[in-house]
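Engineer: Sharing a structure with you now.
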Amino acid sequence: MAVQDYLRQRFFPHMWCPGCGHGTILNALIHSIEELKLNKNEIVMVSGIGCSARISGYVDFHSLHTLHGRALAFATGVKLSRPHLNVLVPMGDGDALAIGGNHFIHAARRNIDITAIVMNNRIYGMTGGQFSPLSGPGVKATTAPYKTIDSSFDVVELAKAAGATFVARTTAFHVKECTEMLTKAILHKGFSVVEIMSQCPTHFGRKNKEGDAVNMLGLYKDNTAKLGSKALEEKPHLIPRGIFVEKERPEYCEEYDKIIAYAMKEKIS
Amino acid sequence: MPKNIRFVQGNEACVEGALYAGLDFYAGYPITPSTEIAEQLSQRLPEIGGKFIQMEDEIASMCAIIGASLTGKKVMTATSGPGFSLKQEAIGYACMTEIPCVIANVQRGGPSTGNPTHVSQGDINQARWGTHGDHAIIALTASNHQDVFKMTVDAFNMAETYRTPVILLFDEAVGHMREKLIIPEKGELEIVDRLRTAVAKDVDYHPYLPREDGRLPMSDFGAEHRYNVTGLFHDMWGFPSNNPKIVNELLRHLVDKIENNVQAITRYKEHCLEDAEYILVSYGSSARSAIHLAQNRRNKGEKIGVLELQSLWPFPTELVKEKCSDAKAVLVVEMNMGQVLTQVKAAVKSPDRVFLANRIDGQLITPSNIKQLLRVIQGRGV
Amino acid sequence: MAREKLKAIVINPDWCKGCGICVALCPKKVLELDGSDKAVAVRPDDCICCRMCELRCPDLAIEVLTEEGEKNA
Numbered sequence: 002m003a004v005q006d007y008l009r010q011r012f013f014p015h016m017w018c019p020g021c022g023h024g025t026i027l028n029a030l031i032h033s034i035e036e037l038k039l040n041k042n043e044i045v046m047v048s049g050i051g052c053s054a055r056i057s058g059y060v061d062f063h064s065l066h067t068l069h070g071r072a073l074a075f076a077t078g079v080k081l082s083r084p085h086l087n088v089l090v091p092m093g094d095g096d097a098l099a100i101g102g103n104h105f106i107h108a109a110r111r112n113i114d115i116t117a118i119v120m121n122n123r124i125y126g127m128t129g130g131q132f133s134p135l136s137g138p139g140v141k142a143t144t145a146p147y148k149t150i151d152s153s154f155d156v157v158e159l160a161k162a163a164g165a166t167f168v169a170r171t172t173a174f175h176v177k178e179c180t181e182m183l184t185k186a187i188l189h190k191g192f193s194v195v196e197i198m199s200q201c202p203t204h205f206g207r208k209n210k211e212g213d214a215v216n217m218l219g220l221y222k223d224n225t226a227k228l229g230s231k232a233l234e235e236k237p238h239l240i241p242r243g244i245f246v247e248k249e250r251p252e253y254c255e256e257y258d259k260i261i262a263y264a265m266k267e268k269i270s
Numbered sequence: 553m554p555k556n557i558r559f560v561q562g563n564e565a566c567v568e569g570a571l572y573a574g575l576d577f578y579a580g581y582p583i584t585p586s587t588e589i590a591e592q593l594s595q596r597l598p599e600i601g602g603k604f605i606q607m608e609d610e611i612a613s614m615c616a617i618i619g620a621s622l623t624g625k626k627v628m629t630a631t632s633g634p635g636f637s638l639k640q641e642a643i644g645y646a647c648m649t650e651i652p653c654v655i656a657n658v659q660r661g662g663p664s665t666g667n668p669t670h671v672s673q674g675d676i677n678q679a680r681w682g683t684h685g686d687h688a689i690i691a692l693t694a695s696n697h698q699d700v701f702k703m704t705v706d707a708f709n710m711a712e713t714y715r716t717p718v719i720l721l722f723d724e725a726v727g728h729m730r731e732k733l734i735i736p737e738k739g740e741l742e743i744v745d746r747l748r749t750a751v752a753k754d755v756d757y758h759p760y761l762p763r764e765d766g767r768l769p770m771s772d773f774g775a776e777h778r779y780n781v782t783g784l785f786h787d788m789w790g791f792p793s794n795n796p797k798i799v800n801e802l803l804r805h806l807v808d809k810i811e812n813n814v815q816a817i818t819r820y821k822e823h824c825l826e827d828a829e830y831i832l833v834s835y836g837s838s839a840r841s842a843i844h845l846a847q848n849r850r851n852k853g854e855k856i857g858v859l860e861l862q863s864l865w866p867f868p869t870e871l872v873k874e875k876c877s878d879a880k881a882v883l884v885v886e887m888n889m890g891q892v893l894t895q896v897k898a899a900v901k902s903p904d905r906v907f908l909a910n911r912i913d914g915q916l917i918t919p920s921n922i923k924q925l926l927r928v929i930q931g932r933g934v
Numbered sequence: 022m023a024r025e026k027l028k029a030i031v032i033n034p035d036w037c038k039g040c041g042i043c044v045a046l047c048p049k050k051v052l053e054l055d056g057s058d059k060a061v062a063v064r065p066d067d068c069i070c071c072r073m074c075e076l077r078c079p080d081l082a083i084e085v086l087t088e089e090g091e092k093n094a
């Protein structure tokens, strides 16, 4: 199947701004799914609210556009009731880690087999450029005219600590790496998190004088380095990219199936 | 054949009713005084291959059951006071997306943390207007365990029939007291199953295009028809739209599908009502005291009757109007500041003859509490 | 090693929003924006079929079509 066959083409061109990294993430995700040859009827995409959340309208899967921050909670209901489905949950940074932070850590704790994609543009785009829990200090936003004083979460460290069994970080510049990581994340049995740094030229870029989309992509190239690379060793202040966690731990739906088997046996005997 | 007779809490009667109705997915969060529902289901559901999950909070529980319902499951959650507040946004989502689900609210005293272990009926209006925006909702209640069972079955049936969240408004007294429950045989009560689309694979399926009878056949997530579900106003394919015509039609549909069926949804019981001069309108555990008083005074020749409401939303205005038209006075017996009183006043010809007999201190209203007020109204002193 | 040969760079002008990412990041400078800010392949002969434009395009507007070339000796 061609890449286009996974899209609801009648809704294109999409609603994202010119140069928005979210489109590139959709692009990488579709390439990854095409490579995996997944059956469209067995994919459910659950999203929350925000620019990122609109992604679910553009894919020709079962799609559930839910409430701000709650995508993982809805997705947990879908996955636990039909564990054979591939459940993909793309979220914005505010969506996943401010209003949805509780659901994020608990989905990781359960190690339920869901692929969480954090589309991190460090800003609330849909509402016009307010700072997010991933903005970090020293950022200008419409609600931080004097610059932010809030520290940011490190998505990778948070996901690791909460118990996610696959944790990766990449950017909208490193598209091949991005596709590869999404493929691995989807194949991984358990809760997987892929943080993808995504440029918002309209709000973050303009407020913070980072230039246009091309310039912002250049910053991802210059300010990040591959895990285990010489560049990272020499310049430890760079943001590391790569797969940080890839391990096995009992998966929630499989464990629940054991509960069912036990309860049924107990009842009969 | 010996009947299946049990001695149970009201919360257990709700569990039995849910399982009888075909529940196969429950998500919840512990909260007094509804927790027994979760505890029981954590044991019972896996025994029949169903799923139980304790979520991280009340909001997540509500969201999880909506997700599960979309895959074709019959779902419910249970909560009380503060938890009911937290679930409201997602209840609105289920209204907008027309996803069947059942929410049991075993009421306790509020606002806020309030009176967790004591009875109240303070959430009647929240059940109606808790979520933002115009919408319609179904809320059922019961005063004894046989009716808790029956109303729970009805709640699941109505959720499927009207594709809507249905709220069970029980209260702490009914939830925690123990009494007899006869579990009906399979087939004794009607069960409404999920109406699934007959549209064939590869033929355009419109998830939000009502049939001629107003019903919307569903397609399970994971099945052949892929469609979109959104809390935004949406077209017949489920895709977002702010087209004024579509917005107008959808909102009217959401309200009309329930308000136009008020007769079919209405559930009530009459106790000594036929020639009653004084009518007590009540529901839930407070109806038990009202019924006790009415029967007691009947034995002494007083013409007192009870209209026991079992469906509170959509409010059975016509029923109340008809039953109460000839009464000398109507007393609304409830454990709040007059939430059903307002509805009854709006329904009858002479609202100045409608009085509130309430108790709001966390204690069950007693027959003598009601009698005191009745005597004042009757002009027979305090 | 199989070397891919370009058949065509197909750009959907209705989807392209003219952000210029493909133009700036093409290693061989094959693409340019036209007068109405739509990407066009002006030097297709220089294309090495790396597909970075296709993969990076945030509008999913680019498709690099190839035919597999003969194996290099």
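Residue numbers (our numbering), protein chains in the order written: chain A, 2 to 270; chain B, 553 to 934; chain C, 22 to 94.
Virtual Cβ for every residue (Gly too), placed ideally from N, Cα, C.
Note that the structure is a prediction, hence the values are computed from the model and not measured.
Tell me the rounded alpha-carbon separation between CYS254 (chain A) and MET16 (chain A).
Structural biologist: Roughly 36 Å between the two C-alpha positions.
Engineer: Starting from LEU721 (chain B), trace the beta strand (DSSP E) in both directions and tell me its first and last residue.
Structural biologist: Element bounds for LEU721 (chain B): 717-723.
Engineer: Leaving out five residues before and five after GLU91 (chain C) in sequence, what residues of the same chain have Cβ atoms less than 7 Å from its Cβ?
Structural biologist: Any reading at GLU91 (chain C) must be qualified, since the residue scores a pLDDT of 49, below 50, and its modelled position is unreliable; the value itself is stated next. There are no such residues.
Engineer: Report the residue from A:LEU135, A:CYS21, A:ALA108 whose alpha carbon sits nearest the alpha carbon of ALA276 (chain A).
Structural biologist: There is no way to answer for residue 276 (chain A), as the model of chain A reaches only from 2 to 270.
Engineer: Could you tell me how far apart the beta carbons of LYS702 (chain B) and GLY569 (chain B) are, in whole angstroms, since I believe they sit closer than 8 Å?
Structural biologist: With 8 Å as the limit, LYS702 (chain B) and GLY569 (chain B) qualify as a contact, their Cβ atoms being about 7 Å apart.
Engineer: Which residues in chain C have a C-beta closer than 9 Å to the C-beta of ASN28 (chain A)? List them in chain order.
Structural biologist: Those are GLU75, LEU76, ARG77, CYS78, PRO79, ASP80, LEU81, listed as they occur along chain C.
Engineer: Residues in the stretch 27-53 of chain A with C-beta within 9 Å of chain B's C-beta atoms, listed in sequence order?
Structural biologist: Within the stretch 27-53 of chain A, the residues whose Cβ lies closer than 9 Å to some Cβ of chain B are LYS41, ASN42, GLU43, ILE44, VAL45, VAL47, ILE50, listed in chain order.
Engineer: So ASN848 (chain B) and PRO919 (chain B) are in contact, right, with Cβ under 8 Å, and what is the actual spacing, rounded?
Structural biologist: Contact flag correct, Cβ pair sits at about 7 Å.
Engineer: From the DSSP secondary-structure annotation, give me the bridge partner or partners of PHE174 (chain A).
Structural biologist: Bridge partners of PHE174 (chain A): none, in fact.
Engineer: Let me see if you follow: with CB-CB separation under 8 Å, is SER167 (chain A) close to chain B or not?
Structural biologist: Reading off the sequence shown, one finds Phe at residue 167 (chain A), where the question assumed Ser. No, because no Cβ of chain B sits closer than 8 Å to the Cβ of PHE167 (chain A).
Engineer: Looking only at C-alpha atoms, which of C:CYS37, C:ILE32, C:CYS78 sits nearest to GLN200 (chain A)?
Structural biologist: Minimum Cα distance to GLN200 (chain A) is reached at C:CYS78.
Engineer: Just confirm the distance between the C-beta atoms of GLU724 (chain B) and VAL671 (chain B), as a whole number of angstroms; I'd bet it's less than 8 Å.
Structural biologist: Contact holds; Cβ gap of about 4 Å.
Engineer: Below 8 Å on C-beta distance, what does GLY41 (chain C) contact in chain A?
Structural biologist: Here the neighbours are GLY20, ASP213, ALA214, VAL215.
Engineer: Mapping DSSP to helix, strand and coil, what is PRO1 (chain A)?
Structural biologist: Absent from the structure is residue 1 (chain A), since the part of chain A shown begins at 2 and ends at 270.
Engineer: Cβ of GLU829 (chain B) within 8 Å of Cβ of LYS880 (chain B)?
Structural biologist: Against a cut-off of 8 Å, the Cβ pair of LYS880 (chain B) and GLU829 (chain B) comes out as a contact.
Engineer: Given 8 Å as the limit, is there contact between the stretch 616-631 of chain B and the stretch 75-83 of chain A, that is, 3 or more CB pairs closer than that?
Structural biologist: In short, these stretches touch, since the Cβ pair count reaches three.
Engineer: Taking 8 Å as the threshold, find out whether the stretch 692-707 of chain B comes into contact with the stretch 238-252 of chain A through three or more Cβ pairs.
Structural biologist: Touching, no, given that fewer than three Cβ pairs across the two stretches are closer than 8 Å.
Engineer: Reducing DSSP to helix, strand and coil, say where PHE708 (chain B) ends up.
Structural biologist: PHE708 (chain B) falls in the helix class under three-state DSSP.
Engineer: HIS23 (chain A) lies in the alpha helix (DSSP H); which residues open and close that run?
Structural biologist: Looking at the DSSP string, the run of the alpha helix (DSSP H) that includes HIS23 (chain A) is 22-37.
Engineer: Give me the Cα-Cα distance between ASN921 (chain B) and GLY766 (chain B), rounded to the nearest whole angstrom.
Structural biologist: Answer to the nearest angstrom: the Cα atoms are 46 Å apart.
Engineer: In three-state DSSP terms, what is TRP681 (chain B)?
Structural biologist: Correct three-state label for TRP681 (chain B): helix.
Engineer: Which ranges would you report for the beta strand (DSSP E) in the stretch 798-826 of chain B if only whole runs of at least 3 residues count?
Structural biologist: Runs of the beta strand (DSSP E) inside the stretch 798-826 of chain B: 820-823.
Engineer: How many angstroms separate the CA atom of SER64 (chain A) from the CA atom of HIS104 (chain A)?
Structural biologist: Cα to Cα, the separation comes out at about 19 Å.
Engineer: Can you list, in chain order, the residues of the stretch 23-40 of chain C whose Cβ is nearer than 9 Å to any Cβ on chain A?
Structural biologist: If the cut-off is 9 Å between Cβ atoms, the stretch 23-40 of chain C has ASN33, ASP35, TRP36, CYS37, LYS38, GLY39, CYS40 near chain A.
Engineer: Determine which residues share a DSSP beta bridge with ALA606 (chain B) and list them.
Structural biologist: Sequence inspection shows Gln at residue 606 (chain B); the Ala mentioned does not correspond to that position. Looking at the DSSP assignment, GLN606 (chain B) forms a beta bridge with B:GLY580.
Engineer: What would DSSP say about PRO634 (chain B), mapped onto helix, strand or coil?
Structural biologist: Helix.
Engineer: State yes or no: is the C-beta of ILE545 (chain B) within less than 8 Å of the C-beta of PHE75 (chain A)?
Structural biologist: Residue coverage of chain B in this structure runs from 553 to 934, which leaves residue 545 (chain B) outside it and unanswerable.
Engineer: Leaving out five residues on either side along the sequence, give the residues of the same chain with a beta carbon under 7 Å from the beta carbon of TRP975 (chain B).
Structural biologist: One cannot answer for residue 975 (chain B) here, as it falls past the ends of chain B, which runs 553 to 934.
Engineer: Could you list which residues in chain A have their beta carbon closer than 7 Å to that of ALA45 (chain C), in chain order?
Structural biologist: Neighbours of ALA45 (chain C) on chain A, chain order: VAL215.
Engineer: Is SER136 (chain A) helix, strand or coil when you go by DSSP?
Structural biologist: Here SER136 (chain A) sits in coil by DSSP.
Engineer: Below 6 Å CB to CB, which residues in the same chain sit around PHE867 (chain B) once its five sequence neighbours on both sides are set aside?
Structural biologist: Hits under 6 Å: GLN895.
Engineer: Closer than 8 Å, Cβ to Cβ, to anything on chain C: give me those residues from the stretch 249-260 of chain A, in chain order.
Structural biologist: The stretch 249-260 of chain A vs chain C, Cβ under 8 Å: nothing.
Engineer: For my contact list, ASP80 (chain C) and PRO202 (chain A) are in at a C-beta cut-off of 8 Å; report their separation, rounded to the angstrom.
Structural biologist: In fact, because the Cβ distance is near 14 Å, the residues do not count as touching under 8 Å.
Engineer: Mind checking if HIS104 (chain A) is an interface residue toward chain B, Cβ cutoff 8 Å exclusive?
Structural biologist: True, the Cβ-Cβ gap to chain B drops below 8 Å.
Engineer: By how many angstroms is the C-alpha of HIS23 (chain A) removed from the C-alpha of TYR779 (chain B)?
Structural biologist: Cα to Cα, TYR779 (chain B) sits roughly 22 Å from HIS23 (chain A).
Engineer: With a threshold of 8 Å between beta-carbons, can THR25 (chain A) be considered close to chain C, or not?
Structural biologist: Yes, contact with chain C.
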